[in-house]
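Working notes, beginning with the structure itself.
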Amino acid sequence: MSTPESTPKPNGWKAFLPLLLFFVAVTVAIPASKSILDQWKVDSTVLLGGNGILFLAIGGSFYFYFKSLTDKKPHAFLTMVYMGLFIKMLLCLFASFLYIYLAGKQVNKPAVVGCLLLYFVYTALELFVLLKAVRPVKNV
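At position 62 of the sequence shown the residue is numbered 126 (our numbering), and the sequence of numbers has no breaks.
Structure follows, in C-alpha coordinates:
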(Lines of atoms letter the chains of each structure in order from A and count residues from 1; the text may use other names and numbers.)
(Lines give C-alpha, C1' and ligand atoms only; values in the text may rest on other atoms or scores of the structure.)
Protein backbone atom coordinates (compact mmCIF):
# COMPACT_ATOMS: atom_id res chain seq x y z
CA MET A 1 0.00 0.00 0.00
CA SER A 2 1.38 3.38 -0.90
CA THR A 3 1.60 6.25 1.51
CA PRO A 4 0.70 9.83 0.58
CA GLU A 5 4.40 10.69 0.44
CA SER A 6 5.14 7.93 -2.08
CA THR A 7 2.12 8.61 -4.27
CA PRO A 8 3.32 10.08 -7.55
CA LYS A 9 2.05 13.56 -8.35
CA PRO A 10 -0.20 13.65 -11.40
CA ASN A 11 1.14 15.23 -14.58
CA GLY A 12 -0.96 18.27 -15.57
CA TRP A 13 -0.24 18.21 -19.30
CA LYS A 14 -0.90 14.50 -19.57
CA ALA A 15 -4.17 14.92 -17.68
CA PHE A 16 -5.19 17.87 -19.91
CA LEU A 17 -4.63 15.92 -23.16
CA PRO A 18 -8.20 14.47 -23.40
CA LEU A 19 -9.64 17.98 -23.16
CA LEU A 20 -7.28 19.21 -25.87
CA LEU A 21 -8.16 16.25 -28.12
CA PHE A 22 -11.87 16.89 -27.62
CA PHE A 23 -11.39 20.56 -28.52
CA VAL A 24 -9.53 19.63 -31.72
CA ALA A 25 -12.17 17.03 -32.63
CA VAL A 26 -15.03 19.49 -32.17
CA THR A 27 -13.14 22.22 -34.04
CA VAL A 28 -12.68 19.85 -37.00
CA ALA A 29 -16.20 18.40 -36.78
CA ILE A 30 -18.08 21.71 -36.88
CA PRO A 31 -16.89 22.85 -40.34
CA ALA A 32 -17.10 19.26 -41.61
CA SER A 33 -20.78 19.09 -40.65
CA LYS A 34 -21.71 22.58 -41.86
CA SER A 35 -24.44 21.30 -44.20
CA ILE A 36 -26.16 19.41 -41.39
CA LEU A 37 -25.84 22.39 -39.06
CA ASP A 38 -27.34 24.64 -41.77
CA GLN A 39 -30.33 22.29 -42.03
CA TRP A 40 -30.84 22.62 -38.27
CA LYS A 41 -30.37 26.42 -38.60
CA VAL A 42 -27.27 26.40 -36.36
CA ASP A 43 -24.72 29.10 -37.11
CA SER A 44 -21.42 27.22 -37.29
CA THR A 45 -19.40 30.40 -36.71
CA VAL A 46 -21.12 30.98 -33.36
CA LEU A 47 -20.59 27.33 -32.47
CA LEU A 48 -16.88 27.52 -33.36
CA GLY A 49 -16.46 30.71 -31.35
CA GLY A 50 -18.31 29.19 -28.41
CA ASN A 51 -16.11 26.10 -28.61
CA GLY A 52 -12.98 28.27 -28.47
CA ILE A 53 -14.25 30.32 -25.55
CA LEU A 54 -15.32 27.18 -23.69
CA PHE A 55 -11.89 25.67 -24.24
CA LEU A 56 -10.25 28.76 -22.77
CA ALA A 57 -12.65 28.73 -19.81
CA ILE A 58 -12.15 25.03 -19.16
CA GLY A 59 -8.39 25.43 -19.56
CA GLY A 60 -8.34 28.18 -16.94
CA SER A 61 -10.52 26.31 -14.50
CA PHE A 62 -8.60 23.08 -15.09
CA TYR A 63 -5.38 24.85 -14.16
CA PHE A 64 -6.80 25.99 -10.83
CA TYR A 65 -8.57 22.68 -10.13
CA PHE A 66 -5.43 20.70 -10.90
CA LYS A 67 -3.28 23.05 -8.84
CA SER A 68 -5.67 22.61 -5.92
CA LEU A 69 -5.24 18.84 -6.07
CA THR A 70 -1.50 19.07 -5.58
CA ASP A 71 -1.62 21.62 -2.74
CA LYS A 72 -1.51 20.25 0.80
CA LYS A 73 -3.21 23.22 2.50
CA PRO A 74 -7.00 22.86 2.86
CA HIS A 75 -7.68 26.59 2.48
CA ALA A 76 -5.64 26.66 -0.73
CA PHE A 77 -7.74 23.79 -2.10
CA LEU A 78 -10.97 25.73 -1.56
CA THR A 79 -9.49 28.95 -2.89
CA MET A 80 -8.31 27.27 -6.10
CA VAL A 81 -11.61 25.45 -6.66
CA TYR A 82 -13.60 28.66 -6.21
CA MET A 83 -11.19 30.56 -8.44
CA GLY A 84 -11.54 27.97 -11.21
CA LEU A 85 -15.32 28.01 -10.94
CA PHE A 86 -15.42 31.82 -10.91
CA ILE A 87 -13.16 32.11 -13.97
CA LYS A 88 -15.22 29.62 -15.96
CA MET A 89 -18.50 31.26 -15.00
CA LEU A 90 -17.29 34.81 -15.59
CA LEU A 91 -15.76 34.09 -18.99
CA CYS A 92 -18.85 32.21 -20.22
CA LEU A 93 -21.23 34.90 -18.95
CA PHE A 94 -19.17 37.70 -20.48
CA ALA A 95 -18.99 35.91 -23.85
CA SER A 96 -22.73 35.19 -23.79
CA PHE A 97 -23.71 38.75 -22.97
CA LEU A 98 -21.30 40.13 -25.54
CA TYR A 99 -22.71 37.87 -28.26
CA ILE A 100 -26.31 38.70 -27.34
CA TYR A 101 -25.50 42.43 -27.28
CA LEU A 102 -23.68 42.39 -30.62
CA ALA A 103 -26.16 40.10 -32.39
CA GLY A 104 -29.25 41.93 -31.18
CA LYS A 105 -32.33 40.32 -32.68
CA GLN A 106 -30.14 38.09 -34.89
CA VAL A 107 -29.18 35.78 -31.98
CA ASN A 108 -28.93 32.21 -33.21
CA LYS A 109 -30.67 30.29 -30.42
CA PRO A 110 -29.79 26.81 -31.72
CA ALA A 111 -26.10 27.75 -31.68
CA VAL A 112 -26.41 29.05 -28.11
CA VAL A 113 -28.06 25.77 -27.10
CA GLY A 114 -25.24 23.91 -28.90
CA CYS A 115 -22.70 25.90 -26.89
CA LEU A 116 -24.58 25.00 -23.71
CA LEU A 117 -24.39 21.31 -24.65
CA LEU A 118 -20.67 21.71 -25.34
CA TYR A 119 -20.30 23.32 -21.90
CA PHE A 120 -21.87 20.27 -20.26
CA VAL A 121 -19.65 17.88 -22.22
CA TYR A 122 -16.49 19.88 -21.44
CA THR A 123 -17.40 20.04 -17.74
CA ALA A 124 -18.15 16.31 -17.55
CA LEU A 125 -14.90 15.49 -19.35
CA GLU A 126 -12.97 17.85 -17.07
CA LEU A 127 -14.46 16.18 -13.99
CA PHE A 128 -13.68 12.70 -15.36
CA VAL A 129 -10.08 13.68 -16.12
CA LEU A 130 -9.56 15.26 -12.69
CA LEU A 131 -11.02 12.28 -10.86
CA LYS A 132 -8.84 9.93 -12.88
CA ALA A 133 -5.76 12.05 -12.11
CA VAL A 134 -6.26 11.84 -8.35
CA ARG A 135 -7.23 8.19 -8.24
CA PRO A 136 -4.58 6.35 -6.24
CA VAL A 137 -2.25 4.13 -8.19
CA LYS A 138 -2.68 0.49 -7.18
CA ASN A 139 0.52 -1.47 -6.78
CA VAL A 140 -0.37 -5.01 -7.73
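We treat Cβ as the ideally placed atom computed from N, Cα and C, and that holds for glycine.
Source: prediction; values computed, not measured.
Unbroken alpha helix (DSSP H) run spanning residue i, endpoints
i: L115; result: This sequence places Asn at residue 115; Leu is not what is there. Run containing N115: 108-134, per the alpha helix (DSSP H) assignment.
i: Q103; result: 98-103
i: K152; result: 138-167
Cβ-Cβ separation, residue j to residue i (assumed contact under 8 Å), whole Å
i: A188; j: L133; result: So it is not a contact: roughly 18 Å between Cβ atoms.
i: N115; j: I94; result: 7 Å
For residue i, three-class secondary structure by DSSP
i: V171; result: coil
Sequence-distant residues of the same chain with beta carbon closer than 8 Å to residue i, five excluded per side
i: T67; result: Confidence in T67 is poor, its pLDDT being 47 and thus under 50, which makes the residue's placement too unreliable to answer from.
i: V145; result: F128, Y129, S132
Own chain, CB closer than 6 Å to residue i, minus 5 neighbours either side, in chain order
i: I117; result: A159
Item to complete: Taking 8 Å as the threshold, find out whether the stretch 155-167 comes into contact with the stretch 119-127 through three or more Cβ pairs.
Response: yes
Worksheet item: Counting pairs of Cβ atoms below 8 Å between the stretch 74-81 and the stretch 101-111, do you hit three or more?
Response: no
Discussion item. Measuring CB atoms only, is the stretch 86-106 touching the stretch 163-176, in the sense that at least three cross pairs come out at less than 8 Å?
Written reply: yes
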